[in-house]
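Enquirer: Before I ask anything, here is the structure I am working with.
Number of protein chains: 2
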Amino acid sequence: MLVNINTHRRPIDGHLAALAGERVLCSEYRYHKGTEIFGEGEEAEYVYQIVTGAVRTHKLLADGRRQINAFHLPCDMFGFENGSNHRFTAEAIVETDVRIMRRGSVIEATESRTGGIRSLLRLVTQNLKHAEDHMLLLGRKTAPERVATFLVEMDARLGHPRLMTLPMSRRDIADYLGLTLETVSRALSRLRDQNLIRFEGTTQRRIELLRREQLAELGP
Amino acid sequence: MLVNINTHRRPIDGHLAALAGERVLCSEYRYHKGTEIFGEGEEAEYVYQIVTGAVRTHKLLADGRRQINAFHLPCDMFGFENGSNHRFTAEAIVETDVRIMRRGSVIEATESRTGGIRSLLRLVTQNLKHAEDHMLLLGRKTAPERVATFLVEMDARLGHPRLMTLPMSRRDIADYLGLTLETVSRALSRLRDQNLIRFEGTTQRRIELLRREQLAELGP
DNA sequence: CGGTCTTTTGAACGGGGTCAACTTGCGTGG
DNA sequence: CCACGCAAGTTGACCCCGTTCAAAAGACCG
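Protein sequences, first through last, are from chains P and Z. So for the first sequence, the working numbering puts the first residue at 1; every next one is plus one. So for the second sequence, the working numbering puts the first residue at 1001; every next one is plus one.
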């Protein structure tokens, strides 16, 4: 489900601002939990930036096996790294507000801006760097290492909060790390038993990292 | 080992031509088998294009586990997808001639060329697409599927020759596919026993694909 | 030839997957 | 408010695919 909030010209944040200045028309849309933002193979007309919420992008094999490429959090841009068609599917994990602009207008704005090309390249290469790091994880790390790496990554991207609330399920984490949800659950329980993390309250998605250095060492 | 062949202005091939026209100064170097072209963390000053030979790029974990991101073949460009520092190591697999140009001059040439930005972006997003496909392989495919996918990929990139000569060892293939060399060897032997591939002559690196469609189905 | 590196093949092990049971959280409606 | 249904998460038991360890057979080069 998709709700158009508004269309406007106004200051924009982070990468988008660095790229295009404040001259590009954009709109805000709201996607409800679990809904698709775009599908694999669809035409890639827009660029997306998350305002609030979280998005996952994934690929599927014919028999349903799923690999999540990345999770996107507020201020992150996604959907840009495409030629003409999307190479994966993007879905809202939770209630999510997304800012949308035309791909073409971003490129045009970039052309007329000094350093614009480098900003644009940096944006794509950030995704590439993430993919390369993730290939190392998927190809060569053990299950406990993957889970520790995941926690450290999320901690950093959420700004090292005392208590982090993961927007994604165990299954999502598993499909991101190339594991099964049971293995993820066991690894987290193990970290809890070792007093490296703590589950806050009743829900299993609120996690406090008790020893960040040791967690970082576990995910080499 | 590195040998400077020459420095010249002359027509250049493929991506490089699309990017920069024929106006950019470039040099050719020869790297001997097994030598490093650049290392992880080094400053990324140059862009590389293979003339003849083959290159592998990899990352290492502290304990020596290795993940090969990609193999590069003649006409391929690499080393570009960097901000200021290289995020991985590049090594010649066999005797390799490489064309080298300054990163900065490529960007400048791009800026003054219509459609240059899109060409540049396409170059980087090609790498990104490959990385995304490879994450799906590393995260979700079985060993036989990975090996079949590898053969089909190499066959396509070598232009579907009747007989393909792989430049890389079983260990390289294994580190690319997130497996051990023994598993790769066993999977290839299995394919040979099923009459899907055939080893030509004495060396195990010359392979003929006997049934391309069936191989493609094996790597979904 | 001998020496070294690559590749294959076999045997045994174990990490993570599979299958299943159970618990818990969280609506939704009576 | 509780009863019910369902999705999410945990935990245990078993098993299998791919790793590990080991040996031997090429391939290549002096």
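We put the CB at the ideal spot given by N, CA and C, even for glycine.
1) Which residues bound the beta strand (DSSP E) around V1055(Z)?
2) By the 10 Å Cβ neighbour count, where 16 or more other Cβ atoms means buried, how is L121(P) classified, buried or exposed?
3) Under the three-state reduction of DSSP, which class applies to M1168(Z): helix, strand or coil?
4) Counting only beta-carbon atoms, is A143(P) nearer than 9 Å to chain Z?
5) Going along the chain, which residues of the region 1053-1070 of chain Z sit with their C-beta nearer than 8 Å to a C-beta in chain P?
6) Can you tell me which of the three DSSP states R9(P) falls into?
7) Give the interface partners of E81(P) over in chain Z, defined as CB-CB distance under 7 Å, in chain order.
8) By the DSSP assignment, the alpha helix (DSSP H) with S27(P) in it spans what residues?
9) Assuming A1174(Z) and T1183(Z) are in contact, meaning their beta carbons sit under 8 Å apart, how far apart are those beta carbons, in whole angstroms?
10) List the residues of chain P whose Cβ lies closer than 9 Å to the Cβ of P1220(Z), in chain order.
11) For a test of the three-state rule: what should DSSP assign to L1066(Z), helix, strand or coil?
12) Extract the residue ranges of the alpha helix (DSSP H) inside the region 1117-1178 of chain Z, only unbroken runs of 4 or more that lie entirely within it.
13) DSSP three-state call for D1193(Z): helix, strand or coil?
14) Should R1212(Z) be flagged as near chain P, meaning a C-beta pair shorter than 9 Å?
15) Does any residue of chain P bring its CB to less than 9 Å from the CB of I1236(Z)?
16) Give a yes or no on whether the C-beta atoms belonging to L191(P) and L215(P) are separated by under 9 Å.
17) Can you tell me whether E108(P) is helix, strand or coil according to DSSP?
18) Could you tell me the boundaries of the alpha helix (DSSP H) in which Q204(P) lies?
19) List the residues that DSSP assigns as beta-bridge partners of E36(P).
20) How many Å lie between S105(P) and L25(P) at the Cα?
21) Compare the beta carbon distance of V147(P) and A92(P) with 9 Å and say whether it is the shorter of the two.
Expert: Result, derived from the coordinates:
1) Counted from its first residue, the second sequence places residue 1055(Z) at position 55. V1055(Z) -> beta strand (DSSP E) spans 1055-1060.
2) On the first sequence, residue 121(P) is found 121 positions in, with the first residue counted as 1. Classification for L121(P): buried.
3) Residue mapping note: residue 1168(Z) aligns to position 168 of the second sequence, counting from 1. Correct three-state label for M1168(Z): coil.
4) For this step, residue 143(P) is matched to residue 143 along the first sequence. So, not an interface residue.
5) K1059, L1061, A1062, D1063, R1065, R1066, Q1067, N1069
6) Walking along the first sequence from the start, residue 9(P) turns up at place 9. With a pLDDT of only 43 at R9(P), under 50, the local geometry of the prediction cannot be trusted, and the value read off the model is given with reservation. Correct three-state label for R9(P): coil.
7) Looking up residue 81(P) in the first sequence gives position 81. Chain Z residues near E81(P): T1125, L1128.
8) As a working note, residue 27(P) is residue 27 in the first sequence. Segment 26-31 is the beta strand (DSSP E) holding S27(P); no alpha helix (DSSP H) there.
9) In the second sequence, counting from the first residue as 1, residue 1174(Z) sits at position 174. In the second sequence, counting from the first residue as 1, residue 1183(Z) sits at position 183. Going by Cβ atoms, the distance from A1174(Z) to T1183(Z) rounds to 7 Å, so yes, they are a contact pair.
10) Taking the first residue of the second sequence as 1, we reach residue 1220(Z) at position 220. By Cβ distance, chain P contributes L61, A62, D63, R65.
11) The count along the second sequence starts at 1 and reaches residue 1066(Z) at position 66. Correcting the residue identity first, residue 1066(Z) is Arg in this sequence and not Leu. The answer is strand: DSSP assigns R1066(Z) an E or B state.
12) 1143-1157, 1170-1177
13) For the purposes of this step, residue 1193(Z) is identified with residue 193 of the second sequence, where counting begins at 1. DSSP places D1193(Z) in helix when its eight states are reduced to three.
14) One-based indexing of the second sequence puts residue 1212(Z) at position 212. No, R1212(Z) does not count as interfacial toward chain P.
15) The structure shown does not extend to residue 1236(Z), since chain Z spans only 1001 to 1220, so no value can be given for it.
16) For the purposes of this step, residue 191(P) is taken as the residue at position 191 of the first sequence. For the purposes of this step, residue 215(P) is taken as the residue at position 215 of the first sequence. Contact: yes.
17) Here residue 108(P) refers to the residue found at position 108 when the first sequence is read from its first residue. In this structure, E108(P) counts as helix in the three-state DSSP scheme.
18) Taking the first sequence and counting its residues from 1, one reaches residue 204(P) at position 204. Careful: Q204(P) lies outside any alpha helix (DSSP H) and carries neither H nor E.
19) On the first sequence, residue 36(P) is found 36 positions in, with the first residue counted as 1. According to DSSP, E36(P) bridges with E91(P).
20) The count along the first sequence starts at 1 and reaches residue 105(P) at position 105. The count along the first sequence starts at 1 and reaches residue 25(P) at position 25. Approximately 8 Å, taken between the alpha carbons.
21) Here residue 147(P) refers to the residue found at position 147 of the first sequence. Here residue 92(P) refers to the residue found at position 92 of the first sequence. No, these two residues do not count as a Cβ contact at 9 Å.
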